[in-house]
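The sequence shown stops at residue 420 when you use our numbering, and every number in between is there.
A short write-up of the structure that comes next.
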Amino acid sequence: MHVDQTLVDAAIEQLNRRWPGVPNAVAAAVYLDDGSVLTGVSLDNLNAAMTLCAETGLICQAYTLDRQVTASVCVARFADLDQQLVVLAPCGACQERLALWGPEVEVGVASPGSEAGWTSHRMDEMNPHYWGAVFAAEGPWPSTAEHI
273 MHVDQTLVDA AIEQLNRRWP GVPNAVAAAV YLDDGSVLTG VSLDNLNAAM
323 TLCAETGLIC QAYTLDRQVT ASVCVARFAD LDQQLVVLAP CGACQERLAL
373 WGPEVEVGVA SPGSEAGWTS HRMDEMNPHY WGAVFAAEGP WPSTAEHI
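As structure tokens, then:
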């Protein structure tokens with residue numbers, strides 16, 4: 273599965289369900305290898321060091337289910353942007369978490385000049401010099417087994 277408008281809409285629906293009209297809210301959606309969709313929100317906390325990205329719970333759930341994440345998208349609504357919804361690229365920590373499933377995982381990325389306002393890229397495009405490549409037994413990217 274690839275990042276598509278259906279996945280973006282699933283994240284937006286989750287955002288609106290959990291944080292209706294709330295500024296500075298974030299939600300995410302992922303496709304799994306069986307075509308199912310998981311959605312979730314960021315975990316906010318008074319102690320900012322304890323917050324979690326919206327993708328984190330989904331990544332942990334997919335791993336628990338022994339499923340592969342094939343695509344991921346994160347959406348946010350910011351007060352600074354007049355409550356406009358935007359697609360955000362995964363942060364560095366989430367890119368590391370998604371790397372578990374290999375270079376083919378697609379992620380949503382903001383593309384303000386495009387019609388949709390977003391585009392998608394594979395993980396190997398997001399991180400062409402992935403540090404974990406030195407641990408790859410075969411090919412340019414470590415296998416899922418090598419992450420364990």
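Beta carbons are placed, not taken as given, at the ideal position from N, Cα and C, and that holds for glycine.
These numbers come from a predicted model, not from an experiment.
Residue i to residue j span [Cα, whole Å]
i: residue 414; j: residue 367; result: 14 Å
i: residue 403; j: residue 343; result: 21 Å
i: residue 274; j: residue 409; result: 27 Å
i: residue 283; j: residue 370; result: 17 Å
i: residue 329; j: residue 362; result: 14 Å
i: residue 383; j: residue 407; result: 32 Å
i: residue 314; j: residue 348; result: 10 Å
i: residue 351; j: residue 320; result: 18 Å
i: residue 331; j: residue 322; result: 17 Å
From the options, residue whose alpha carbon lies closest to that of residue i
i: residue 356; options: 369, 399, 288 and 328; result: 288
i: residue 281; options: 293, 290 and 300; result: 300
i: residue 359; options: 298, 407, 338 and 401; result: 298
i: residue 372; options: 285, 278, 405 and 313; result: 405
i: residue 277; options: 418, 391, 396 and 397; result: 391
i: residue 306; options: 296, 395, 338 and 325; result: 338
Element boundaries [beta strand (DSSP E), containing residue i]
i: residue 377; result: Taken as a continuous stretch (DSSP letters only), residue 377 belongs to no beta strand (DSSP E), as it is neither H nor E.
i: residue 339; result: From DSSP, residue 339 is part of no beta strand (DSSP E); its letter is neither H nor E.
i: residue 312; result: 309-313
i: residue 303; result: 297-304
For residue i, the first and last residue of its enclosing alpha helix (DSSP H)
i: residue 278; result: 277-290
Cut-off 7 Å between Cβ atoms - residues of its own chain near residue i, not counting five sequence neighbours on either side
i: residue 399; result: 367
i: residue 290; result: 299 and 313
Close beta carbons around residue i, own chain, < 8 Å, minus the five adjacent residues each side
i: residue 327; result: 300, 302, 312, 344, 346, 362, 366, 369 and 370
i: residue 293; result: 355
Same chain, Cβ closer than 6 Å to residue i, five either side skipped, listed in chain order
i: residue 317; result: 323
(request) May I have a chain-ordered list of the alpha helix (DSSP H) segments no shorter than 4 residues that lie completely inside the stretch 322-373? (result) Qualifying alpha helix (DSSP H) stretches, in chain order: 326-336 and 364-370.
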